[in-house]
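Residue numbers (our numbering): 5 to 479.
See structure below.
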Ligand SMILES: Cc1cc2nc3c(=O)[nH]c(=O)nc-3n(C[C@H](O)[C@H](O)[C@H](O)COP(=O)(O)OP(=O)(O)OC[C@H]3O[C@@H](n4cnc5c(N)ncnc54)[C@H](O)[C@@H]3O)c2cc1C
């Protein structure tokens, strides 16, 4: 039987005897997969095609017991570990080179309790899995805008989307989590059990353990929501964005409007002559009564002379997937993100200038509209601290040919640097690329010290280091 050469936390290569691997295989419900074996490539292939790493061993978990076995092996042998949920994170930390990949993507169960309005979700579930189950009961919680994103990574980083202004962040709706800690033990984290760990998990990413089940609070919503896109000529962006800022700032919690600048995709409702030309898109969703939504959206729909306006009632699950065709896996991607308390005129000018010079046809600038319920939670209530943000900009650079790497990355960095004087300085960890390690402390602001202290108690040896890493306070 094959001996296993695998990378340690110190970066050395260690040999695991074939008997150890055989014992592990005998105990797992899922599989222990070596390079070249079935399932290996599926587990290591993630959304961002820039990440092409080859783990030494993949444990494809089918339940919490498998996760405990994998963590116990890593803990005992001192192995480099990465943890994969939905595999969507831009930084690519879900996959390590040479080490142990703990793959949760097969654990997809979502159980809804309509009586208590709660959901129990396994860490391989995608947003679409969650929404489909919850919507069967007319329920939802705050999730993101791309339905193939993993619930696990999104939640642990914070989680924002169309209903954040109404229901808060995803972490604001987390009731409890089952967590396998660095010693391979299982604990429950909630407001009453391991409350410090629970505080840290809500925004602190994968730093503190592996979550094998999340429990969420649900809210009544749907089955239809007033939602859709309004498409304008890009030439109008400088004029329309200050008006967008006013509408977004005055909006009720139910109304969320994101602004997107990109080349028009060939969608049937956009006239063919606009396909491939720069446009400004307002993407809007009203998380409430449809008639009230019609009123609330009037000022937005009255702006300028749109090329297309397809606001109307849409199934919530469909709207949650509206951007999926533009965000498919397999492309090369690099992001740069800032939070803004307000969109200053100077910031708008810089963003519009950059969006008028996109380095590749699939690139775009997104301005997410947040605030509302999210902004009314105390900044020290949990790890997520960016409560003052009202807008979050994300420069999504996306291309196919590696020859375009330098140009696309430079464009995103240039926009990021130019607009920095207008930003709050905070950032959503889930939008950070891999080269922003020095920014992690800023991302958490005043909460970083407490996170470092909790890291010392739950993961003093930094077993969980393939993430936006929080360094433990010195012992
Ligand atoms: C196209 C696209 C659209 C997006 N849109 C949004 C959006 O609208 N709103 C939003 O909030 N975010 C959005 N994101 C960001 C998204 O929240 C993050 O990429 C998130 O990390 C994805 O989670 P995942 O499980 O798919 O990722 P993975 O890459 O599998 O995991 C990311 C990291 O999370 C940790 N992790 C994952 N699972 C666990 C677990 N069970 N226990 C412990 N640690 C774990 C690991 O450190 C891992 O490296 C988007 C991302 C993409 C690519």
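Glycine included, every Cβ here is placed at the ideal spot set by N, Cα and C.
Keep in mind it's a predicted model, so treat the numbers as computed, not measured.
The C-beta distance from residue 234 to residue 310 rounds to 5 Å, short enough to fall under 8 Å. Residue environment for residue 294: exposed (fewer than 16 other C-beta atoms within 10 angstroms of its C-beta). Rounded to whole angstroms, residue 97 and residue 48 show a C-alpha spacing of 11 Å. Rounded to the nearest angstrom, the gap between the Cα atoms of residue 377 and residue 414 is 35 Å.
Here residue 337 is buried. Its C-beta has 16 or more other C-beta atoms within 10 Å.
Assignment of residue 271 by DSSP, reduced to helix, strand and coil, places it in the coil class. A distance criterion of 8 Å places the beta-carbon of residue 448 beyond contact range of ligand 1, judged by its closest non-hydrogen atom. Excluding its 5 nearest sequence neighbours in each direction, residue 339 has C-beta neighbours in its own chain below 8 Å: 94, 398, 399, 400, 401, 416, 435, 436, 437, listed in chain order.
When the five nearest sequence neighbours on each side are left out, the beta carbons in the same chain lying within less than 7 Å of the beta carbon of residue 78 are those of 85, 104, 467, in order along the chain.
Taking a C-beta distance under 9 Å as the contact criterion, residue 87 and residue 57 do not qualify as a contact pair. Annotated as proximal: residue 221 and residue 122, with beta-carbon spacing under 9 Å. In this structure, the CA atom of residue 237 is about 13 Å from the CA atom of residue 276. Here residue 249 is buried. Its C-beta has 16 or more other C-beta atoms within 10 Å. Ligand 1 never approaches residue 371 closely enough for any of its heavy atoms to be under 8 Å from the residue's Cβ.
Taking residue 132 as reference, the option from 327, 80, 430 with the minimal CA-CA separation is 327. The Cβ atoms of residue 172 and residue 356 do not sit closer than 9 Å to each other. Straight-line spacing of the CA atoms in residue 136 and residue 108 works out to 20 Å. The three-state reading of DSSP puts residue 368 in strand, counting E and B together. Residue pairing by DSSP puts residue 317 in a beta bridge opposite 230.
Inter-residue distance for residue 23 and residue 65 is about 20 Å (C-alpha atoms, whole angstroms). Scanning the stretch 94 to 161 for uninterrupted beta strand (DSSP E) segments of 3 residues or longer gives 104 to 107, 114 to 117, 122 to 125, listed from N- to C-terminal end.
Here the alpha carbon of residue 182 sits roughly 17 Å from the alpha carbon of residue 386. In the same chain as residue 445, and ignoring 5 residues on each side of it, the C-beta atoms closer than 8 Å to its own belong to 452, in chain order. DSSP places residue 399 in the strand class (E or B) of the three-state scheme.
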